[in-house]
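K.L.:
Would you mind keeping the following structure in view while I ask a few things?
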Amino acid sequence: MYIRGDHAELVVGGRLDVRSAADARTALHAALDDGIGDLVLDLSELDSWDATGLGVIMGAHRRAGRCGRRLVLRRVPPQMQRLLVATRLHRILAIEGGVGVESLPRV
Numbered sequence: 001m002y003i004r005g006d007h008a009e010l011v012v013g014g015r016l017d018v019r020s021a022a023d024a025r026t027a028l029h030a031a032l033d034d035g036i037g038d039l040v041l042d043l044s045e046l047d048s049w050d051a052t053g054l055g056v057i058m059g060a061h062r063r064a065g066r067c068g069r070r071l072v073l074r075r076v077p078p079q080m081q082r083l084l085v086a087t088r089l090h091r092i093l094a095i096e097g098g099v100g101v102e103s104l105p106r107v
């Protein structure tokens with residue numbers, strides 16, 4: 001897993017899972033604490049995430065709210081969109097362009 005960017009936009013790539021959660025949490029919290037306005041997470045290079053990785057995203061979402069900011073997900077891969085829909089988190093998280101629920105393949 002890698003995260004590159006600044007306090008306004010981060011690109012997350014690789015696997016966001018139990019092994020990378022602590023590093024991801026640290027990077028997201030630092031970006032949220034040091035900036036203002038929306039923090040955009042570009043997930044286009046993210047290969048996969050597990051429940052722990054999703055928990056990191058939700059924790060960052062809550063922290064953003066406490067900091068007076070908003071966490072925005074950009075370019076969410078289809079398989080991750082399906083997980084957000086299945087968990088109904090697409091209703092809570094800000095997703096740029098929304099999630100095209102009707103266009104997602106059924107599993």
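Anchor point for the sequence shown: position 19 equals 19 in UniProt numbering, and the numbering is continuous, going up by one each time. We treat Cβ as the ideally placed atom computed from N, Cα and C, and that holds for glycine.
Can you tell me the Cα-Cα spacing of D23 and A8, whole angstroms?
P.N.:
By 1-based counting over the sequence shown, the position of residue 23 is 23. By 1-based counting over the sequence shown, the position of residue 8 is 8. The alpha-carbon atoms of D23 and A8 are separated by roughly 18 Å.
K.L.:
In chain order, what residues of the same chain lie with their CB nearer than 7 Å to the CB of A64, ignoring the 5 residues before and after it?
P.N.:
The residue labelled residue 64 in the question sits at position 64 within the sequence shown. Same-chain partners within the cutoff: L32, L39, R70, L71.
K.L.:
For G5, report the span of its beta strand (DSSP E) as first-last.
P.N.:
For the purposes of this step, residue 5 is identified with residue 5 of the sequence shown, where counting begins at 1. G5 -> beta strand (DSSP E) spans 2 to 5.
K.L.:
Below 8 Å CB to CB, which residues in the same chain sit around R75 once its five sequence neighbours on both sides are set aside?
P.N.:
Against the sequence shown, residue 75 aligns to sequence position 75. Around R75: D42, L43, S44, E96.
K.L.:
How would you write the range of the alpha helix (DSSP H) that G59 sits in, first residue to last?
P.N.:
Residue mapping note: residue 59 aligns to position 59 of the sequence shown, counting from 1. G59 -> alpha helix (DSSP H) spans 51 to 66.
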